[in-house]
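See below for the structure under consideration.
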Amino acid sequence: MVTAGDFRNGVTFEMEGNVLQVIEFQHVKPGKGAAFVRTKCRNVKTGAVVERTFSPTDKFENAQVERREMQYLYTDGDLYYFMDMESYEQLPIGQDKLDDNFRFVKEEMMCKIVSYKGDIFAVEPPMFVELEVTDTEPGFKGDTAQGATKPATLETGATIKVPLFIEIGNVLRIDTRTGEYLERA
Numbered sequence: 003m004v005t006a007g008d009f010r011n012g013v014t015f016e017m018e019g020n021v022l023q024v025i026e027f028q029h030v031k032p033g034k035g036a037a038f039v040r041t042k043c044r045n046v047k048t049g050a051v052v053e054r055t056f057s058p059t060d061k062f063e064n065a066q067v068e069r070r071e072m073q074y075l076y077t078d079g080d081l082y083y084f085m086d087m088e089s090y091e092q093l094p095i096g097q098d099k100l101d102d103n104f105r106f107v108k109e110e111m112m113c114k115i116v117s118y119k120g121d122i123f124a125v126e127p128p129m130f131v132e133l134e135v136t137d138t139e140p141g142f143k144g145d146t147a148q149g150a151t152k153p154a155t156l157e158t159g160a161t162i163k164v165p166l167f168i169e170i171g172n173v174l175r176i177d178t179r180t181g182e183y184l185e186r187a
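The numbering used here puts the sequence shown at residues 3 to 187.
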C-alpha cells in the first residue's frame, strides 16, 4: 500500500481499476483547512494525463511495474526494435509507446522497457547521453551578451540550444529528461 503523502515522481499505483504513474506532485499545506497533495498522473494503459487532488492519508494499492534493460537496435517504419541482452530476444515496440525524449537515443544504446503485467507502456532512455554535433552555425565574437545560445543538430536528428562556442564535431553531454545541453564530453 502507498499513501498519497508518500507520492514521488515515478510512483505507480492502482486507482478505480486504472494504473496511474505520478508525473508531478506537490504537497500543499494551506493556512486554513487540511493539507492535500496535488498531482499530475499518467494512465499507463491509455497515456492520458489527469490532474487530481488527494488527501495525504488516501491509500492505494501499489502497482508492480517491471523495468527491463534492453538494447535499441534499429527502426523499421513505425516499429522500434529492442534486444534483451540475456536471451537475445528481439522485441518490436510501436512509436506510440515512445516519449519525446527518445529523439536522443541512437542505435546500440541501452534503454529501460517499462511494462505492467506484460503490457509495455513506456521506454525510458538513459538519463544522460553523449552525442556529436552534426550541424550548427558558427558563433561570432561579441555575440556573448548573457548566455547567448544557438540551435545545433545532433547525430540523432534532434535539435537543441547550445552555447555559441560549440562547433560541428563536438561531442556533447545531454540530459534526456529536459533536452538540455550540459557540457562538452
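Note that the Cβ used here is the ideal one computed from N, Cα and C, for glycine as well. Only a predicted model underlies this, so the values are computations on that prediction, with no experimental measurement involved.
#### Entry: Distance, Glu185 Cα to Met46 Cα
The question names Met, but residue 46 is Val in the sequence shown. Cα-Cα distance, rounded: 33 Å.
### Query
For Asp98, which three-state DSSP category applies?
Note: Asp98 maps to helix in three-state DSSP.
### Where the beta strand (DSSP E) through Asn11 begins and ends
In the DSSP assignment, Asn11 falls outside any beta strand (DSSP E), carrying neither H nor E.
### Query
Would DSSP call Arg105 helix, strand or coil?
Of the three classes helix, strand and coil, the one that applies to Arg105 here is helix, per DSSP.
### Query
Mind checking Met72: buried by the 16 CB within 10 Å criterion, or exposed?
Per the 10 Å Cβ criterion, buried.
### Query
Nearest-angstrom Cα distance between Ala160 and Leu166?
The straight-line gap from Cα to Cα measures roughly 18 Å.
### Task
Look up Ala6 in the DSSP assignment and say whether it is helix, strand or coil.
Helix at Ala6.
#### Entry: Counted within 10 angstroms of its Cβ, other Cβ atoms place Pro140 as buried (16 or more) or exposed
Classification for Pro140: exposed.
### Query
Alpha carbon to alpha carbon, how far is Glu169 from Asp177?
Spanning the two alpha carbons is a distance of roughly 19 Å.
### Query
Under a Cβ-count criterion, where at least 16 other Cβ atoms within 10 Å of its own Cβ denotes burial, should Val51 be classed as buried or exposed?
Under this definition Val51 is an exposed residue.
### Query
Among the residues of its own chain, which have a CB less than 6 Å from the CB of Tyr82, if the five just before and after it don't count?
Within the same chain, Ile95 come within 6 Å of Tyr82 by CB-CB distance, once the 5 residues on both sides are set aside.
### Message
Considering just the uninterrupted stretch of the beta strand (DSSP E) at Val165, what are its terminal residues?
### Response
Looking at the sequence itself, residue 165 is Pro, so the reference to Val does not match. Segment 161-165, the beta strand (DSSP E) holding Pro165.
### DSSP beta-bridge partners of Tyr82
The secondary-structure analysis by DSSP pairs Tyr82 across a beta bridge with Thr77, Ile95.
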